[in-house]
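Below is one structure, written out as structure tokens; comments come after it.
Protein chains: 2
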Amino acid sequence: MRLLAQHSPDFDPSLPWLDLEVSVKGETRLFQQIQAVRSSPHTDRRHAFTRLLCPDWVNVVAFTTEGEVLFVEQFRHGVDASTLEVVGGVCEPGEDPGVAGRRELLEETGFAPGRWLSLGSCAPNPAIQNNRCHFFLGLECMPVAALDLDPSEELRVWAAPWAEAQALLRNGGLDHALVQVAFLHLFQWEGWPEFLATLGRG
Amino acid sequence: MRLLAQHSPDFDPSLPWLDLEVSVKGETRLFQQIQAVRSSPHTDRRHAFTRLLCPDWVNVVAFTTEGEVLFVEQFRHGVDASTLEVVGGVCEPGEDPGVAGRRELLEETGFAPGRWLSLGSCAPNPAIQNNRCHFFLGLECMPVAALDLDPSEELRVWAAPWAEAQALLRNGGLDHALVQVAFLHLFQWEGWPEFLATLGRG
Numbered sequence: 005m006r007l008l009a010q011h012s013p014d015f016d017p018s019l020p021w022l023d024l025e026v027s028v029k030g031e032t033r034l035f036q037q038i039q040a041v042r043s044s045p046h047t048d049r050r051h052a053f054t055r056l057l058c059p060d061w062v063n064v065v066a067f068t069t070e071g072e073v074l075f076v077e078q079f080r081h082g083v084d085a086s087t088l089e090v091v092g093g094v095c096e097p098g099e100d101p102g103v104a105g106r107r108e109l110l111e112e113t114g115f116a117p118g119r120w121l122s123l124g125s126c127a128p129n130p131a132i133q134n135n136r137c138h139f140f141l142g143l144e145c146m147p148v149a150a151l152d153l154d155p156s157e158e159l160r161v162w163a164a165p166w167a168e169a170q171a172l173l174r175n176g177g178l179d180h181a182l183v184q185v186a187f188l189h190l191f192q193w194e195g196w197p198e199f200l201a202t203l204g205r206g
Numbered sequence: 005m006r007l008l009a010q011h012s013p014d015f016d017p018s019l020p021w022l023d024l025e026v027s028v029k030g031e032t033r034l035f036q037q038i039q040a041v042r043s044s045p046h047t048d049r050r051h052a053f054t055r056l057l058c059p060d061w062v063n064v065v066a067f068t069t070e071g072e073v074l075f076v077e078q079f080r081h082g083v084d085a086s087t088l089e090v091v092g093g094v095c096e097p098g099e100d101p102g103v104a105g106r107r108e109l110l111e112e113t114g115f116a117p118g119r120w121l122s123l124g125s126c127a128p129n130p131a132i133q134n135n136r137c138h139f140f141l142g143l144e145c146m147p148v149a150a151l152d153l154d155p156s157e158e159l160r161v162w163a164a165p166w167a168e169a170q171a172l173l174r175n176g177g178l179d180h181a182l183v184q185v186a187f188l189h190l191f192q193w194e195g196w197p198e199f200l201a202t203l204g205r206g
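Below is the structure:
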């Protein structure tokens with residue numbers, strides 16, 4: 005990479021800002037909201053930043069033994085509408101992300117995977133959140149249980165052939181950023197070309 | 005798609021929940037936080053949901069006239085570390101997303117595009133946020149101005165050849181979910197194969 009420009013001649017983006025005042029502004033089931041008044045290591049100016057301390061999240065791309073993708077349809081209160089997503093959820097305190105992914109898959113769909121692979125992780129929003137979203141691939145998923153939903157969780161489970169899943173990804177039918185990232189990570193999985201070839205035969 | 009299971013026999017995920025009590029819990033530069041106590045259209049049970057009402061966001065994949073990708077390196081207070089991202093920002097009230105994207109590109113890098121295309125949009129987090137992130141592609145970008153940063157904004161601008169940008173995307177060097185989605189949308193752009201062929205000659 006070539007450096008084109010920077011804030012100031014001595015600028016070093018790896019230098020942390022200094023916390024001057026940190027206060028908890030609120031707490032929900034989803035995050036603890038922090039306000040941090042910080043001073044720049046470069047200018048000594050003070051600015052207030054909002055930070056949302058969140059548990060890690062998981063998203064699971066799950067293929068059935070028939071090579072169909074599992075989707076969950078539910079009402080989402082952020083956008084005030086119904087969405088189609090892959091299985092996802094929140095890691096419990098201390099819970100391994102892979103365990104959380106298998107738990108969410110079982111609870112939300114009743115399916116368990118024959119093979120289970122990590123697809124890496126990303127930062128959902130490094131500007132304001134501290135958490136990561138972990139992606140997993142469930143292969144050879146089989147129905148093993150009934151749905152086991154939280155009291156506020158109401159959803160439908162769908163199975164789509166790959167061609168239809170791919171069309172949904174392209175036409176906006178899968179609108180959730182982290183669902184789209186899950187598929188990008190699937191496409192970057194070293195085993196994807198070989199697995200994709202098996203789907204065509206399904 | 006095949007329906008595999010659902011919450012209850014009469015379940016319809018498109019039915020909205022009913023607001024019983026809505027209160028503003030806080031307001032920052034980034035969002036207004038709402039608590040909505042809502043009743044399910046299926047069970048009449050009450051649940052409290054956190055909603056973050058946010059302005060729309062923009063992310064811009066910008067290629068220079070030399071076919072390099074522009075990246076911004078800056079300290080991010082959510083993850084408390086430095087990140088590498090494409091140009092991004094927040095739409096001002098009433099601002100067209102395309103105008104916001106060009107404005108952010110100019111402010112953060114000093115570059116202006118020769119060609120400007122929409123790459124669509126997505127919901128950053130439909131579970132709790134109401135906003136959209138809009139993606140744009142800037143082609144034939146040229147340096148036309150000095151950086152014009154907000155007081156709390158301190159950053160570096162880099163230009164990377166496509167091979168290096170692609171490697172960063174694969175090896176976790178571009179860790180922000182919405183940056184990854186921006187590149188997924190680029191790969192789904194109908195002109196991508198033809199444009200990619202020109203990068204190899206760069």
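Read top to bottom, the protein sequences are chains A and B.
Position one of the first sequence corresponds to residue 5 (the numbering used here), numbered consecutively onward.
Position one of the second sequence corresponds to residue 5 (the numbering used here), numbered consecutively onward.
Note that the Cβ used here is the ideal one computed from N, Cα and C, for glycine as well.
Treat the numbers as computed from the prediction; the structure is a model and nothing was measured.
Straight across, the Cα-Cα distance linking Ser-43 of chain A with Gln-78 of chain A is about 43 Å.
Taking a C-beta distance under 8 Å as the contact criterion, Ala-116 of chain B and Val-148 of chain B qualify as a contact pair.
At a C-beta separation below 8 Å, Gly-30 of chain A has these neighbours in chain B: Lys-29, Gly-30, Gln-37. Distances from the alpha-carbon of Leu-56 of chain B to those of B:Val-62, B:Leu-153, B:Asn-175, B:Asn-135 put B:Asn-135 closest. Residues of the segment 66 to 84 of chain A with a C-beta less than 8 Å from any C-beta of chain B: Glu-72, Leu-74, Phe-75, Glu-77, Gln-78, Phe-79, Arg-80, His-81, Gly-82, Val-83, Asp-84, listed in chain order. Under the criterion of beta carbons closer than 8 Å, Glu-111 of chain B and Leu-153 of chain B qualify as touching, at roughly 7 Å. DSSP, reduced to helix, strand and coil, places Glu-72 of chain A outside both helices and strands of the structure shown, so it counts as coil.
Rounded to whole angstroms, the separation of the alpha carbons of Val-64 of chain A and Trp-196 of chain A is 15 Å.
Here Ile-38 of chain B is bridged, per DSSP, to B:Val-28, B:Arg-55.
Secondary structure note for Gln-192 of chain A: it is in no beta strand (DSSP E), and the uninterrupted alpha helix (DSSP H) holding it is 181 to 192.
Rounded to whole angstroms, Ala-85 of chain B and Phe-187 of chain B show a C-alpha spacing of 22 Å. Of the other Cβ atoms in all chains shown, 16 or more fall within 10 Å of the Cβ of Asp-179 of chain A; this residue is therefore buried.
Here the alpha carbon of Thr-47 of chain A sits roughly 22 Å from the alpha carbon of Glu-108 of chain B. At least one C-beta of chain A is nearer than 8 Å to the C-beta of Asn-134 of chain B. For Arg-107 of chain A, no beta strand (DSSP E) run applies; the uninterrupted alpha helix (DSSP H) run containing it begins and ends at 101 to 113, by DSSP. For Glu-198 of chain A, the enclosing alpha helix (DSSP H) begins and ends at 196 to 204. Closest in C-alpha terms to Met-5 of chain A, from the list B:Trp-166, B:Leu-34, B:Val-26, B:Cys-137, comes B:Trp-166. Cβ proximity to chain A below 7 Å picks out Leu-151, Leu-153, Pro-155, Ser-156, Glu-158, Leu-159, Arg-160, Val-161, Trp-162, Ala-163, Ala-164, Glu-168, Arg-174 from the segment 142 to 175 of chain B.
When 8 Å is used as the limit between beta carbons, Asp-179 of chain B is near these residues of chain A: Cys-126, Ala-127, Pro-130, in chain order.
With the criterion set as a beta carbon lying under 9 Å from some beta carbon of chain B, the members of the segment 10 to 30 of chain A are Gln-10, His-11, Ser-12, Phe-15, Asp-16, Pro-17, Ser-18, Leu-19, Pro-20, Trp-21, Lys-29, Gly-30, in sequence order. At a cut-off of 8 Å between C-beta atoms, Ser-86 of chain B counts as an interface residue with respect to chain A.
In the displayed model, Arg-136 of chain A falls within coil according to three-state DSSP, outside both helix and strand.
Using a Cβ-Cβ cut-off of 8 Å, Phe-53 of chain A counts as an interface residue toward chain B, since at least one Cβ of chain B sits closer than that to its own.
Gly-124 of chain B and Phe-67 of chain A have their C-alpha atoms roughly 27 Å apart.
The Cβ of Gly-114 of chain A sits closer than 8 Å to at least one Cβ of chain B.
Listed along chain A are His-81, each with a C-beta nearer than 9 Å to that of Ala-40 of chain B. In this structure Asn-175 of chain B is exposed. Its beta-carbon is surrounded by fewer than 16 other beta-carbon atoms within 10 angstroms.
Going by C-alpha positions, Met-146 of chain B is about 14 Å away from Phe-75 of chain B. Residues of chain B whose Cβ lies closer than 9 Å to the Cβ of His-46 of chain A are, in chain order, Glu-158.
Counting the other CB atoms within 10 Å of its CB gives Phe-139 of chain B a total of 16 or more, which places it among the buried residues. Between the C-alpha atoms of Glu-168 of chain A and Glu-158 of chain A there is a straight-line separation of about 24 Å. The continuous beta strand (DSSP E) containing Ala-85 of chain A extends over residues 85 to 89. Nearest neighbour of Gly-118 of chain B by Cα position, chosen from B:Arg-106, B:Pro-128, B:Asn-129, B:Asp-100, turns out to be B:Arg-106. If you draw a 10 Å sphere on the C-beta of Arg-33 of chain B, you find fewer than 16 other C-beta atoms in it, and that means exposed.
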